[in-house]
Structure formats: C-alpha cells, structure tokens
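At position 110 of the sequence shown the residue is numbered 839 (our numbering), and the sequence of numbers has no breaks. C-beta: ideal position from N, C-alpha, C; glycine also. Predicted model, so just to flag it, every value in this text is computed and none were measured. Notes for the one structure printed next.
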Amino acid sequence: LDTIQAAVLNVKLKYYPKDLAKRAEVASKYTKALENKSGLVLPFVEKKATSAWAQYSIRVKNRDEVQNRLKEAGIPTAVHYPMPLQLQECGKYRGYKKGDFPISEIVSEEIRSLPMNSYVTDE
C-alpha cells in the first residue's frame, strides 16, 4: 500500500458505514423480491451476525437459463465460485476427485451472484 493508495483509502473509510448500510438495504430488497420464488436458494445471515454483502449469491438449478434471461433484461450476473476448491489446481495436491464433496459440486453448478454494490437502484 503506497501513500497515494493510503490517502484514497483514508477518505473512503469515512463513507464505509454508509456504504455497508446501503448494501444491506439492497440485500434486503433482493430478499423481499425473491423470497417466494420457487427454485431459488437465497443467502441467509444469522440474526446475531452481520454481512458486508460483498456478493448477493443465489442458487438456482437452471443457472445458465436464468443468467441468459437476466442478461436479456439488462441485469449482469457473475459466477464467483465456478469450481469447488478441491477441484481447482490449488487443491489438487490433496488428492480429491470429482464426487468426494458432492454438495460443494452441486453448489458450484447452481450459484450465481446478482449485482451488489451501494449504487444498485430499484430499476
């Protein structure tokens, strides 16, 4: 971290609590809009915990179809976890193979992240 980056970060830190609150508001709106849609698994945060909402990741069985429909509507999505850690190059030394962790493999095939930042609007 050089001095210029530190100076920028120092200014941004003043706005961090407001940014976190706005992200929580966006996440709440997503949850309210999607909670009764069948076939979706939404993120869950324990009542005693808080989330910085770096992503709002949902699970859906027909992920690619949903991604295409959202793209057509002008809504970008991302897959932050396309492959389970144990199947990535960095995990190969452990000797795991496909099928050793079936739940993580299912999740990696279903997960999709919706736009998440403090600038997301209701549109």
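DSSP three-state assignment for residue i, whether helix, strand or coil
i: Ser847; result: coil
i: Tyr810; result: coil
i: Tyr822; result: helix
i: Gln817; result: coil
i: Thr732; result: helix
CB-CB length for residue i against residue j, believed under 8 Å
i: Lys751; j: Ser847; result: 4 Å
i: Ser786; j: His809; result: 7 Å
i: Ile760; j: Leu742; result: Note that residue 760 corresponds to Thr in the displayed sequence, not to Ile. With 8 Å as the limit, Thr760 and Leu742 do not qualify as a contact, their Cβ atoms being about 28 Å apart.
i: Gln796; j: Met845; result: With a Cβ gap of about 16 Å, Gln796 and Met845 do not count as contacting.
C-beta contact flag for residue i and residue j at 7 Å
i: Glu839; j: Arg798; result: no
i: Ser837; j: Pro805; result: no
i: Val774; j: Ser767; result: no
i: Leu769; j: Val789; result: yes
i: Trp782; j: Ala807; result: no
Bridge partner(s) assigned by DSSP for residue i
i: Val789; result: Leu769
i: Ser842; result: Ser786, Ala807
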